[in-house]
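Okay, so the sequence shown: first residue is 4 according to my numbering, each after it adds one.
Reviewing the structure listed below.
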Amino acid sequence: MVQIEAAIAEAEQVEARLDSYDEILCHIRDTMEKMEEKNLLIEVANQNNQKLLSEVEHVISQLDLPHKHQMALIDSDLTSPHGLQNAVAAGKALLAAMNAEIHPALVRLAAVQEQRKRFDKWKTKFSQTISRHLNNLFIHLGNDAGETLSFHASDLTLPKHNSIHRELEVYTELMHWCKAMDRKAYTALTKVYTNSLSKLYERDIKQFFEEAKQQISGMREKKGKGSGSNQDITGKLKQQAQNFGGPAKSPQPSGLLGLERDQWCVDVDAAERQRFDEVLERALAELEPVCLAEQNFCVSFFQLDVLSPTTKNTQTTLDGLGTDSKSETDAISTASLPLKKMEKQINEEVRRMMGDLFGCLEPELVSFIAYYEKMDSFYCMYVLVRLSQHVMSAQDTGSFLSMSFASALVQVKRNFDRFMQAQLKSIEDTKVNRKSKCGLLPYVANFEDFAKTAEAIFKNTDRRTDLDKWYTKLVGAIFEAILRNAAEHHRTPQEVIKMENFHHLYALLSELKVGVLDGLRKDAKQKYSDALKIYVTQYFGRPLEKLNLFFEGVQAKVAQGVKESEISYQMAYSKQELRKVIREYPAREVKRGLDNLYRKVEKHLCEEENLLQVVWRAMQEEFIQQYKYIEELIQRCYPGSMIVLDFSIQNILEFFSEIALSH
């Protein structure tokens with residue numbers, strides 16, 4: 004028992020010692036766990052410190068602006084190449100700093116906001132310097148005479164002002180900086196530029212078109228008169244406008260088809276028309292490179308081909324609290340625009356600026372065109388063709404110049420249609436002169452000059468269909484007017500009027516060889532032939548009238564059943580009666596009758612068409628046919644009677660020939 008108790012006591016001691024060891028181990032375990040946790044916290048803290056240090060270094064590196072850039076922003080020298088170079092570099096550095104890629108949360112830091120305020124201060128100062136310098140430069144360049152038209156007057160050249168563009172090109176990056184950093188300053192500078200340069204272009208364009216007028220109409224006045232020729236031409240224009248009594252839209256009376264021949268285009272100078280066409284082409288060709296050069300410069304200088312991602316005045320990432328969401332929304336909306344819509348917006352912006360610069364171009368062009376249409380409405384055809392060629396050949400149909408030309412072309416097309424409508428009305432309103440022989444109607448005689456002029460203008464052009472459309476209307480109206488006027492004239496037989504005028508029209512249409520008028524050409528030929536036939540039948544009549552009546556009676560008896568061989572037994576149609584009638588038509592009297600007929604025909608016909616011999620030949624053929632008819636009936640009804648007329652076919656040919664030669 005004692006040993007057992009000793010063993011139990013020993014075991015209790017061992018157990019107590021183990022418990023103490025266990026407590027020590029637990030304490031060590033707890034201590035180790037705490038140390039491990041502290042180590043982890045220290046490691047996290049170190050990592051955070053490193054990240055914070057890295058972020059701070061990043062922010063500092065992003066927002067730090069070297070001292071030289073600060074000085075360049077505060078005290079910019081934009082007049083020297085070196086100073087300009089420093090200013091551009093400083094502006095780029097400031098732009099990069101204010102658009103640094105910094106976490107939005109860091110923007111809230113007081114130090115960052117303080118730096119942003121310093122940036123804003125430098126930005127404002129730099130923007131003011133740029134605005135002041137470029138503002139003065141734009142005004143100076145706009146007032147500077149530079150290249151003027153006087154140096155190029157001999158060959159009509161519009162100054163391109165490349166020297167202005169070259170002088171401004173060095174400031175391109177500064178203008179881009181303004182667009183990004185100070186939109187208000189950019190907009191103000193844009194307005195100053197357009198206002199200044201628009202005056203320059205307005206002066207150039209007005210002088211350009213004045214010189215164009217000199218080269219077209221002022222050649223005579225210009226010799227020895229210098230600048231005074233402008234007043235002479237203007238006086239001439241005013242005088243003509245007073246004489247003709249109408250605004251620019253009314254066609255010049257001397258150019259209407261319905262006027263008498265002696266009033267048709269009395270003051271027209273063909274050489275002046277040719278000069279107008281040449282100078283107009285030269286003027287349109289000169290406008291294109293000038294507008295294109297200015298447009299290319301503006302797109303590059305003002306960065307018009309880049310849409311602003313925000314409507315805010317300054318595009319930066321340091322705008323502070325509560326504003327970044329709207330900026331992001333603006334940027335996202337701009338980025339999500341379809342390509343075509345973006346291009347449309349860019350084109351509209353370019354056209355708007357070009358419209359401000361060249362606001363006088365379209366009015367001056369339209370005024371120039373109207374100036375000459377007052378003097379000669381035929382000019383509207385030249386303008387329609389030339390302007391259409393430039394509109395159709397334009398590479399950029401959406402450009403300002405193409406749109407301006409297209410707008411002017413719409414007005415020119417209206418003037419052309421109005422001019423043609425006036426021609427149509429003049430044909431319809433034509434009244435014939437009843438006091439004298441009719442001859443060629445005015446619109447028929449005038450249409451030859453009109454058509455040949457139009458053909459020369461529209462030959463092988465895209466506007467040919469416009470002319471062809473009016474051709475059919477005009478010629479159709481001429482057809483109707485010929486028939487109407489022929490019936491109204493009392494001194495000249497209407498068949499003569501039809502014959503002469505349709506013959507002239509047929510000859511002209513055959514010469515012109517216009518496809519759309521081919522049907523009307525054939526119709527004119529038919530109407531001419533019909534009128535000739537009716538006139539010959541009506542006025543030649545039957546020179547051997549009694550013989551014709553005699554044989555009409557013979558034919559009536561034959562129709563009643565009497566044999567042709569027994570006609571001579573009829574008392575009224577005996578051989579004696581036939582000889583009696585034949586004796587009334589001796590050769591001498593027949594020739595005298597033909598001579599009187601020739602004189603009558605000669606009075607009817609006009610000399611211009613030279614149809615007298617044609618009509619005389621047709622009458623000769625008609626007489627021979629009547630002669631053969633009578634001779635055949637004599638042979639059939641009075642065979643073996645030896646009855647013949649007092650003259651032969653050979654005599655008839657001689658009569659007609661001698662009468663024609665004698666006159």
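No residue lacks a Cβ here, since even glycine has one placed at the ideal position from N, Cα and C.
Since the structure is predicted, the reported quantities are computational estimates derived from the model, not experimental observations.
Query	Result
If you run the structure through DSSP and keep just helix, strand and coil, what is ALA590?	helix
Spell out a yes or no on whether the region 205-221 and the region 367-374 are touching, meaning 3 or more CB-CB pairs, one atom from each, closer than 8 angstroms.	yes
For GLU431, is the beta carbon positioned less than 7 angstroms from some heavy atom of the ligand FAD?	As far as ligands go, the structure on display features none, and thus does not contain the ligand FAD.
Within 10 angstroms of its Cβ, does ILE652 collect 16 or more other Cβ (buried), or is it exposed?	exposed
To which residues of the same chain is SER407 closer than 7 angstroms at the C-beta, ignoring the five residues directly before and after it?	LEU364, GLU365
Does any CB atom of chain D fall closer than 8 angstroms to the CB of LEU515?	You won't find chain D in this structure, because it holds only one protein chain.
What is the DSSP secondary structure of PHE482, reduced to helix, strand or coil?	helix
Going by Cα to Cα distance, which pick from TRP125, SER380, LEU486 is closest to LEU98?	TRP125
Give me the Cβ distance between LEU444 and ASN504, rounded to the nearest whole Å; I'm assuming they're in contact under 8 angstroms.	5 angstroms
According to DSSP, is ILE652 part of a helix, a strand, or is it coil?	helix
From the DSSP output, in three-state form, read off TRP667 for me.	Missing from the structure shown is residue 667; the chain here goes from 4 to 666 and no further.
Between which two residues does the alpha helix (DSSP H) holding ALA425 run?	403-431
Under 8 angstroms between the Cβ atoms of LEU260 and ASN449?	yes
Evaluate VAL557 with the Cβ neighbour count: other Cβ atoms within 10 Å of its Cβ, from every protein chain shown; 16 or more gives buried, anything less gives exposed.	buried
Could you tell me whether the Cβ atoms of ILE655 and TYR630 are closer together than 8 angstroms?	yes
Between which two residues does the alpha helix (DSSP H) harbouring ILE7 extend?	5-66
What does the Cβ neighbour count give for VAL309, buried or exposed, with the cut at 16 atoms within 10 Å?	exposed
Exposed or buried, which one is VAL59 when buried takes at least 16 other CB atoms within 10 Å?	exposed
With a CB to CB cut of under 8 angstroms and the five nearest residues on each side skipped, what residues in its chain are close to GLU13?	none
Reducing DSSP to helix, strand and coil, say where THR456 ends up.	helix
Between VAL62 and LEU109, is the Cβ-Cβ spacing less than 8 angstroms?	yes
Could you say if the region 586-603 and the region 657-664 meet the contact criterion of at least three C-beta pairs nearer than 8 angstroms?	yes
Looking only at its own chain, which residues have a Cβ that is under 7 angstroms from the Cβ of HIS506, when we skip the five neighbours before and after it?	TYR531, GLU612, LEU614
Select from GLU275, GLU431, VAL617, ALA575 the residue whose C-alpha is nearest the C-alpha of MET499.	Residue identity check: residue 499 is Val in the sequence provided, not Met. The residue with the shortest Cα to Cα distance from VAL499 is VAL617.
If I follow the unbroken alpha helix (DSSP H) through ARG278, where does it start and stop?	273-304
If we ignore side chains and look at the alpha-carbon of each, how far apart do THR456 and SER391 end up?	18 angstroms
Count the other CB atoms within 10 Å of the CB of ARG487; is the residue buried (16 or more) or exposed (fewer)?	exposed
Counting C-beta neighbours from all protein chains within 10 Å, is the total for LYS194 16 or more, i.e. buried, or is it exposed?	exposed
Taking a contact to mean a Cβ-Cβ separation below 8 angstroms, would you say SER134 touches ALA191 in this structure?	yes
Could you have a look at GLU503 and say whether DSSP puts it in helix, strand or coil?	helix
Given 8 angstroms as the limit, is there contact between the region 470-489 and the region 515-522, that is, 3 or more CB pairs closer than that?	yes
DSSP three-state call for CYS609: helix, strand or coil?	coil
Could you spell out where the alpha helix (DSSP H) holding GLU176 opens and where it closes?	175-184
Roughly how many angstroms lie between the CA atoms of GLU491 and LYS416, to the nearest whole one?	36 angstroms
Using alpha carbons as the reference points, say which of PRO162, ILE31, GLY442 lies closest to THR495.	GLY442
Three-state secondary structure (DSSP) at THR82?	coil
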